[in-house]
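Enquirer:
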Amino acid sequence: MAWVKSPTSVLRDIGISQPQEIDLDFIAFTLNAEVIYEPLQGYEANIFGSSNKAVITVNSDTIESRQRFSLAHEIGHWMNDRGKNLSIECSTGDINQKQNAKGMSARQTREARANVFASHLMMPDFMMADLSDMPVNMDTVRYIAGTYNTSLVSSAGRLIEITKKPAMVALWSHNGTRRWFNRSSSLSEFIWPLQSISDIEQSFVESNSLRISDTKWIDPRSAKGHPVTECVYDNGYDVISLLSW
35 MAWVKSPTSV LRDIGISQPQ EIDLDFIAFT LNAEVIYEPL QGYEANIFGS
85 SNKAVITVNS DTIESRQRFS LAHEIGHWMN DRGKNLSIEC STGDINQKQN
135 AKGMSARQTR EARANVFASH LMMPDFMMAD LSDMPVNMDT VRYIAGTYNT
185 SLVSSAGRLI EITKKPAMVA LWSHNGTRRW FNRSSSLSEF IWPLQSISDI
235 EQSFVESNSL RISDTKWIDP RSAKGHPVTE CVYDNGYDVI SLLSW
């Protein structure tokens, strides 16, 4: 992804080299962005700025991991979208916006870029290289979340981005609808997860490193009946499924 300034550059410019040093409020301060925490109606965060100074407001009514991600998201806007006047209000949908190969509006593209920036600022590649060979399971996801003070959902997403193993993560609503998914670089692009789950009660039972048939989660047009390792976790809002081949 093309950046005006990359997350790695932001971190290295101020000498951050360890996970415990990633203080997002301090990072914003070094970038001339003031951070305010207060209740917001209908938005997760917003940013208003000029050419060299910004004010970021984060919704204080959300959980800490969401506040941190929202702040990192707004820093992404500050680094990549600033101009003479910057004014962006970000909804829950914006903070959850994923990259898509086609059909994205300019706003969706901008928000997806800010989300990628946020995840790489909070969990940078140069700190995570040693994790690429770790198992794709909830133990590794929890390790990442604990190390980088990130949510399980964003941690699972980054694990899939860095792993060398053929793997996939998907996020599901409690009614069985797929919200989004991502494949690791070594998994064939012809393997697609189901659009929705019909047997919710059975499919959403929590598991960790359970061997199953790929037909449980994979679209019949690309499922081969091969065994895969499944991990399922309900975070109270959505259901995360991790698969590795």
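Numbering (this note's numbering), first residue to last: 35 to 279.
Each residue gets a CB set at the ideal place from its N, CA and C atoms; glycine is no exception.
Note that this is a predicted model, so its numbers are computed, not measured.
(1) Rounded to whole angstroms, what is the Cα-Cα separation between residue 139 and residue 146?
(2) How about residue 156 and residue 188: do their beta carbons lie closer than 9 Å?
(3) Keeping to the same chain, check which residues put their C-beta closer than 8 Å to that of residue 245; ignore five residues upstream and five downstream.
(4) State the Cα-Cα distance for the pair residue 197 and residue 257, rounded to the nearest angstrom.
(5) Counting C-beta neighbours from all protein chains within 10 Å, is the total for residue 131 16 or more, i.e. buried, or is it exposed?
(6) For residue 152, which residues from the same chain have a beta carbon less than 7 Å from its beta carbon, with the 5 sequence-adjacent residues on both sides left out?
(7) If contacts are defined as beta-carbon pairs under 8 Å, then residue 93 and residue 78 qualify, I think. What distance do you get, rounded to the angstrom?
(8) Is the separation between the beta-carbon of residue 167 and that of residue 207 shorter than 9 Å?
(9) Here's the rule: buried if 16 or more other CB atoms are within 10 angstroms of the residue's CB, otherwise exposed. What is residue 101?
(10) Using the rule of at least 16 other Cβ atoms within 10 Å of the residue's Cβ for burial, across every protein chain shown, is residue 141 buried or exposed?
(11) May I have the straight-line CA-CA distance separating residue 70 from residue 259, to the nearest angstrom?
(12) Taking 8 Å as the cut-off, is the beta-carbon of residue 130 closer than that to any non-hydrogen atom of the ligand MG?
(13) Tell me where the alpha helix (DSSP H) around residue 121 begins and ends.
(14) So what does DSSP say about residue 105, is it helix, strand or coil?
(15) Use the C-beta contact count for residue 254: other C-beta atoms within 10 angstroms, 16 or more gives buried, fewer gives exposed.
(16) So, for residue 199: in the same chain, excluding its five sequence neighbours on each side, which residues have a beta-carbon less than 7 Å away from its beta-carbon?
Expert: In short:
(1) 10 Å
(2) yes
(3) When the five nearest sequence neighbours on each side are left out, the beta carbons in the same chain lying within less than 8 Å of the beta carbon of residue 245 are those of 261, 262, 263 and 264, in order along the chain.
(4) About 22 Å.
(5) buried
(6) 103, 106, 107 and 110
(7) 5 Å
(8) It is not a contact, given that the beta carbons lie outside the stated cut-off.
(9) In the assembly as shown, residue 101 is a buried residue. Its beta-carbon has 16 or more other beta-carbons within 10 Å.
(10) exposed
(11) 51 Å
(12) Inclusion of the ligand MG in the displayed structure is not the case, the ligand content being empty and no account of it being possible.
(13) Element bounds for residue 121: not the alpha helix (DSSP H) but the beta strand (DSSP E), 120-124.
(14) helix
(15) exposed
(16) 170, 218, 220 and 278
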